[in-house]
Amino acid sequence: MRSLRHHLDGLCLAALLAACAPSHRYTDAEVATAPRLKDIMWSQAQLTDPQWKKIGRSQYSDADFAGFADVGKRLELTTARIRKDFSRGPAFDKLAGTLAEHAAELGQAATARDGAKASAALSALRQTCRTCHAQFR
């Protein structure tokens with residue numbers, strides 16, 4: 137009986153977590169109309185989070201470079217939207233600008249297929265995200 141209850145508790149927890157996580161997959165076009173800052177952040181995370189584990193690799197595939205280009209483009213869109221519609225003051229806007237700069241660096245590294253620069257840009261992006269979240273989350 138106890139193992140059945142343990143199993144049911146686990147299923148309930150899994151269902152609750154699934155219900156709380158955003159399920160919508162944002163497109164670049166939807167960034168302009170996302171209603172909340174939380175939605176913009178989710179649209180960023182959808183593309184950036186899978187890239188963090190690639191920091192420090194010595195080689196990247198064609199698919200990796202394509203993903204880096206997508207991240208650069210998405211962050212260009214989201215940082216512009218964040219500063220325009222969701223500003224939380226000068227320090228927040230400065231971090232959004234820094235994120236945009238590193239996103240441009242990542243896009244340039246992807247175009248040049250420069251793994252070292254891509255890795256450095258990814259690392260800088262992740263650190264900027266962490267800094268912003270520590271201050272504003």
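Residues in the sequence shown are numbered from 137 upward in steps of one, following our numbering.
Glycine included, every Cβ here is placed at the ideal spot set by N, Cα and C.
| Item | Value |
| --- | --- |
| Classify G225: buried if its beta carbon has 16 or more other beta carbons within 10 angstroms, exposed otherwise. | exposed |
| Spell out whether any CB of chain C is found under 8 Å from the CB atom of D198. | As a matter of chain content, chain C is missing from the structure shown, which is built from one protein chain. |
| Note the first and the last residue of the continuous alpha helix (DSSP H) segment covering I176. | 173 to 188 |
| What is the rounded straight-line gap between the Cα of A239 and the Cα of A165? | 18 Å |
| By Cβ distance, which residues of its chain are closer than 6 Å to R232, with the 5 residues on each side in sequence left out? | The sequence given here places Ala at residue 232; Arg does not occur at that position. Cβ within range, chain order: T215, I218, R219. |
| Excluding five sequence neighbours on each side, which residues of the same chain lie with their C-beta closer than 7 Å to the C-beta of A248? | none |
| Quick one: using the 10 Å Cβ neighbour count with 16 as the cut-off for buried, is R210 buried or exposed? | buried |
| Can you list, in chain order, the residues of its chain with a C-beta nearer than 6 Å to that of A260? Leave out the 5 residues immediately preceding and following it. | H238 |
| Just how far apart, CA to CA, sit D206 and A246? | 9 Å |
| Name the two residues that bound the continuous alpha helix (DSSP H) containing V167. | Per DSSP, V167 belongs to no alpha helix (DSSP H) and is neither H nor E. |
| CA-CA distance, E212 and Q195? | 25 Å |
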